[in-house]
Structures are given as C-alpha cells and as structure tokens.
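Participant:
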Amino acid sequence: MTSDGTTLHHEKTVFDGWRSISISLYMTLVGYGVLVGIPVISTAWVNLLGFSEVEVGRVAGADLGGLSLGAVLTAVLVAKVDRRLLVVISAIIAITANGLCTIMVEYEQVFWLRLVSGFGGGIYTAVAVATLGASSKPARAYNMMLFSFAFSQALEMNFLPQLSMNGIYFTFIICFAISLLFIRWIPPRPLEKILDVEIDFEEKTGGHHVEHKHVPAYVPWLCLSAIVVTYVNIGAYWVYIELASANSAADPAWVGEVLTWASFLSIVGCLFATVISNRFGLARPLLVTLVVQAGIVVMLADGINNTNIIFSVFMFNFLWIFIDVYQMSTVANIDHSGRFAALMPGAQGLGQIIGPNIAASLLGMGMGYSAVFVMCACAALTAMMIYAFMYIRLRKTIPALADAS
4 MTSDGTTLHH EKTVFDGWRS ISISLYMTLV GYGVLVGIPV ISTAWVNLLG
54 FSEVEVGRVA GADLGGLSLG AVLTAVLVAK VDRRLLVVIS AIIAITANGL
104 CTIMVEYEQV FWLRLVSGFG GGIYTAVAVA TLGASSKPAR AYNMMLFSFA
154 FSQALEMNFL PQLSMNGIYF TFIICFAISL LFIRWIPPRP LEKILDVEID
204 FEEKTGGHHV EHKHVPAYVP WLCLSAIVVT YVNIGAYWVY IELASANSAA
254 DPAWVGEVLT WASFLSIVGC LFATVISNRF GLARPLLVTL VVQAGIVVML
304 ADGINNTNII FSVFMFNFLW IFIDVYQMST VANIDHSGRF AALMPGAQGL
354 GQIIGPNIAA SLLGMGMGYS AVFVMCACAA LTAMMIYAFM YIRLRKTIPA
404 LADAS
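The opening residue of the sequence shown carries number 4 in the working numbering; numbering runs sequentially from there.
(1) Does the distance from the C-beta atom of I312 to that of S248 stay below 7 Å?
(2) Using a threshold of 7 Å, state whether the C-beta atoms of S373 and A304 are closer than that.
(3) If we call anything under 7 Å between Cβ atoms a contact, is M331 one with Y127?
(4) Who are the near neighbours of A100 in its chain, counting only those whose CB is closer than 6 Å to its CB and skipping five residues on each side?
(5) Which residue from V91, I324, G238 puts its Cα closest to that of L353?
(6) For the 8 Å Cβ check, are there 3 or more pairs between the segment 128-141 and the segment 73-85?
(7) Tell me whether W21 is buried or exposed, calling it buried when 16 or more other Cβ atoms sit within 10 Å of its Cβ.
(8) Please classify V232: is it buried, with 16 or more other beta-carbons within 10 angstroms of its beta-carbon, or exposed?
(9) Within 10 Å of its beta-carbon, does I24 have 16 or more other beta-carbons around it, so buried, or fewer, so exposed?
(10) Contact check, I176 vs G102 under 8 Å by CB: the rounded distance?
(11) Is it a yes or a no for the segment 182-191 touching the segment 55-62, going by three-plus beta-carbon pairs under 8 Å?
(12) Taking contact to mean 3 or more Cβ pairs, one atom from each stretch, closer than 8 Å, check whether the segment 258-265 and the segment 156-169 are in contact.
(13) Take A363 and list the residues in its own chain whose beta-carbon comes closer than 7 Å to its own, dropping the five residues that flank it on each side.
(14) Just mark S167 as buried or exposed, buried being the case when its beta carbon has 16 or more other beta carbons within 10 Å.
(15) By the DSSP assignment, the alpha helix (DSSP H) with F114 in it spans what residues?
(16) Under a three-way DSSP split, which group does L166 fall into?
(17) Taking only the alpha-carbon atoms, compute the straight-line gap between T16 and R192 and give it to the nearest angstrom.
(18) Specify, as a first and last residue, the run of the alpha helix (DSSP H) that V84 falls within.
(19) According to DSSP, is I307 part of a helix, a strand, or is it coil?
(20) Let me know the secondary structure DSSP gives S155 once reduced to three states.
(21) Taking W48 as part of the alpha helix (DSSP H), name the residues at either end of that continuous run.
(22) Compute the Euclidean distance between the alpha carbons of S55 and V49, then round it to the nearest angstrom.
(23) Do Y145 and the ligand COA come close, with the Cβ less than 6 Å from some heavy atom?
(24) Quick one, are the C-beta atoms of L225 and M393 less than 7 Å apart?
(25) Rounded to a whole number of angstroms, what is the C-alpha to C-alpha distance between G40 and P402?
(26) Taking 6 Å as the limit between beta carbons, can you name the residues of its chain near L293, skipping five residues before and five after?
(27) Just the Cα atoms here: how many angstroms apart are F317 and I92?
(28) Measure from the alpha carbon of A252 to the alpha carbon of each residue in Y234, T310, I230, N236, then state which is nearest.
(29) Excluding the 5 residues preceding and the 5 following V271 in the sequence, name in chain order all residues of the same chain whose CB lies nearer than 8 Å to its CB.
(30) Where does I401 sit, in a helix, a strand or coil, going by DSSP?
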C-alpha cells in the first residue's frame, strides 16, 4: 500500500491453481537451465570440446540469443495460440537440437545447434513465465521461481561438472521430456488482453472502491529495455566468471566451491527481498541494488584472488534476486494477456547475446578481463538510470504501481 492508501488489486484465477504454478515453476527451471549453469557449461565447452574463450562467448550468445528469438515469437502467439501446443512444439525442438549436439561437435555445428536449442527453449520458457505472471500475485510467483532457482543452480554447479559433454545434453533432454507428461496442467488461454491495473482505494470511512487505470505503453517497454541492459551485465559476468578466475591468482578448486555455495545466497536473497519489498516496495531497493552490483562487479577489474572472488560472486547471487523479482513482477502487474511477460525471456536472452559477445570482442582485442568487468558495471548503472526515470514518472501518474511490492 502506498502513502495515499492505494494498492494494486487482482482477483484469483485458474492461473493461481497449484497445478498451473507447479508446472510453470518446473518449466522455468528447465528453460533457464543453460542460463543458470552457463559457467560450468562454458568451462565444459573449453575443456571437453576444445573451444577457445572467444568461441565460448559466441556459442553462449547463440544459445541465449535463441532464447530471445523464441520468446519474441511467443509474445506474438501467446494470447492467440493454445499454450499447450506451444510447449509441445518447443520441447521437441529443444530435445532434437540437444540430441544432435551429442554427435555434431565442431564449433560451427555446435554454434547453430545451440541457437536452435535456445530458440525452442525460449518458446518453452516464455510460456512458463507468462503463465506465472498471470497469477493474481505475480511478485510472489516470481519470488517462488527465483527461490527454486537457488536450488537448481546449486544442483547444476555440483552435478554438471561430473558429467561428460553428452551427459549434460542428455540431462536437458530428459528434463524437457518430463514436462510433456503434465502438459494438461498448463492453462491454454489468457484471461485478459488489456494493459491496465486495478487500483484499490481505501476510503476514510473504512470502505474500498476499485478503479481501472490505463498504463502508458512506454512502461513495459522501458522495463524490457532495462532487462536487456541488466542482462548484458549478468550474461557477460556469468559466462566468464569461472574462466576469468582460471586465469588469475585464485585457486580453481576454491572458485568451484564458491560458485556452488554462492547459489544458496539466492535463497537468502529471496527472503530478504520479500521483507524489504513489503516495507519499501520493489523499485527503491532495486535502484540501490543495481548501484551496489556495479561496485561488486567492477572490483574484479583490478585482479581476482581468493578473497574478492568470494565476496563478488556471493553478493552477485544475493543481489540478482532483487533485480529479477522487480523486473518480472512490474511487467506482470500491468499485462495479464502474457504478451509482455512472454517477452521477458526474450529481453534476458537479448542481453545474453550482447553481453557475452561484447566480452568476447574485448578479449579478442587483447583488453583482458578487466575491460569485461568494467563493461559489466557500466551496464548495471545504465539499467539503474532507466529504472530511475521510470520510477519518477510513475510516482507522478500511478503511485500504486511505482511502489508496488
């Protein structure tokens, strides 16, 4: 509730059922599997397939770029086409591409196959994210998603390094296939197709009345733009953090342990984000978080050692939660058709294309990892400025949305 006694108001729908929430959560974990496990997967591409550091950036960008393309297509279709059909088609695409990766291992072949796999994963993930966003409390749904990510990320960091390259691909194949067994749990159609919010006004007499307010079209587009820029930072940092550490004074075994245990900071981050957002909303903590994240990323530009790597990685995982909860819930609060919500994985994927590829180019020019981490920090600060502009505008027009929790 804001200072003027207003709150966002949503009624419960079929999207709040435990089946819809459960299958959507599972699908987001599978769909984002490459994203959260990319440090380990990138290292596997280097050690098991012999790719160079520059090639890894290109392949990772293709995989996560495919995610973006698939999500963009889904945004066009999600309000018109049966979501169950989209999931079946996307899972088949991802399963086929991952299967072909087990027999086609040259750089050019893997590059295109990961693009196709990412495309299928993008459709699959976008449907799941849009379905979560259609719940009456999207912030809570996305917090549950990110809370689950903490466990899946820790599992991937610990489990995937023990597998062969083909073992990693087969793991993804099995996970996609399992979701098809529960396809009927996905609601096939959206309930709304308008960009608006319901504002619950608390009157002095103790009563309430609800009004509809149209949300300017620039709001979701600003959010999506900020997501892109945010994931330029996240993409480049997360793709190269383990490889950067391998070329530093830090102990490789220590770095592996740090990456595994740091994922559990996301759990603390989820809980902390909930407490903070209930009191201050999501926007103001986000602005502070982006500034702090820029600082903990750029600190590695002077060199990586056992001390600063643990602080940077732990804080990165902790702060990541604030960013994604706010970004996702803001879009979901204003768009229950799923069109903009489905674009969120696309925005994340686009940032994941740009970030690793800029980093790969910087490394290709011999500028080293210091330049990569400076670029990451600049991206975080740019996202902060976009959100600051949006927050100031919304405070003047729809305060309940600006300070929503």
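Even for Gly, the Cβ is constructed at its ideal location relative to N, Cα and C.
Owing to the predicted nature of the structure, the values given are computational and were not obtained by experimental measurement.
Facilitator: Taking the geometry as given:
(1) Position 309 of the sequence shown holds residue 312. Position 245 of the sequence shown holds residue 248. Closer than 7 Å, so yes.
(2) Taking the sequence shown and counting its residues from 1, one reaches residue 373 at position 370. Taking the sequence shown and counting its residues from 1, one reaches residue 304 at position 301. Taking 7 Å as the Cβ cut-off, S373 and A304 qualify as a contacting pair.
(3) On the sequence shown, position 328 is the one that residue 331 refers to. On the sequence shown, position 124 is the one that residue 127 refers to. Taking 7 Å as the Cβ cut-off, M331 and Y127 do not qualify as a contacting pair.
(4) Along the sequence shown, read from residue 1 onward, the residue named residue 100 stands at position 97. For A100, where only same-chain residues beyond five positions count, the Cβ hits under 6 Å are L116, V119, S120.
(5) By one-based count along the sequence shown, residue 353 stands at place 350. Per the Cα distances, G238.
(6) yes
(7) Counting from one through the sequence shown, the residue named residue 21 turns up at place 18. W21 comes out exposed.
(8) On the sequence shown, residue 232 is found 229 positions in, with the first residue counted as 1. V232 is buried by the Cβ-count criterion.
(9) Translated into positions along the sequence shown, residue 24 becomes position 21. Burial call: buried.
(10) Along the sequence shown, read from residue 1 onward, the residue named residue 176 stands at position 173. Along the sequence shown, read from residue 1 onward, the residue named residue 102 stands at position 99. So it is a contact: roughly 6 Å between Cβ atoms.
(11) Verdict: no, contact absent.
(12) yes
(13) As a working mapping, residue 363 is identified with position 360 in the sequence shown. So the qualifying residues of the chain are V57, G60, R61.
(14) Here residue 167 corresponds to residue number 164 of the sequence shown, with the count starting at 1. Counting Cβ neighbours within 10 Å, S167 comes out exposed, since fewer than 16 surround it.
(15) What you label residue 114 is simply residue 111 of the sequence shown in a count that begins at 1. Where F114 is concerned, the enclosing alpha helix (DSSP H) stretches over 110-136.
(16) The residue labelled residue 166 in the question sits at position 163 within the sequence shown. L166: coil per DSSP, three-state reduction.
(17) In the sequence shown, counting from the first residue as 1, residue 16 sits at position 13. In the sequence shown, counting from the first residue as 1, residue 192 sits at position 189. Taking the straight line from one Cα to the other gives about 12 Å.
(18) Your numbering for residue 84 matches position 81 in the sequence shown. Here V84 belongs to no alpha helix (DSSP H), and DSSP marks it neither H nor E.
(19) Position 304 of the sequence shown, counted from the start, is the residue given in the question as residue 307. Reduced to three states, the DSSP call for I307 is coil.
(20) By 1-based counting over the sequence shown, the position of residue 155 is 152. Helix.
(21) Position 45 of the sequence shown, counted from the start, is the residue given in the question as residue 48. That run of the alpha helix (DSSP H) goes 36-52.
(22) Against the sequence shown, residue 55 aligns to sequence position 52. Against the sequence shown, residue 49 aligns to sequence position 46. Spanning the alpha carbons of S55 and V49 requires a straight line of approximately 6 Å.
(23) Judged by which ligands are present, the structure shown has none, so any question about the ligand COA falls away.
(24) Numbered from its first residue, the sequence shown carries residue 225 at position 222. Numbered from its first residue, the sequence shown carries residue 393 at position 390. The answer is yes: Cβ separation under 7 Å.
(25) Position 37 of the sequence shown, counted from the first residue, corresponds to residue 40. Position 399 of the sequence shown, counted from the first residue, corresponds to residue 402. Whole-angstrom Cα-Cα distance: 38 Å.
(26) If you number the sequence shown from 1, residue 293 lands on position 290. Excluding residues up to 5 positions away in sequence, A383, A386, M387 lie with their Cβ nearer than 6 Å to the Cβ of L293 in the same chain.
(27) Locating residue 317 in the sequence shown gives position 314, counting from the first residue. Locating residue 92 in the sequence shown gives position 89, counting from the first residue. C-alpha separation (whole angstroms): 37 Å.
(28) Your numbering for residue 252 matches position 249 in the sequence shown. Across the set Y234, T310, I230, N236, the C-alpha of T310 shows the shortest separation from the C-alpha of A252.
(29) Start at 1 with the first residue of the sequence shown, and residue 271 comes out as number 268. Contacts found: F321.
(30) Looking up residue 401 in the sequence shown gives position 398. Here I401 sits in coil by DSSP.
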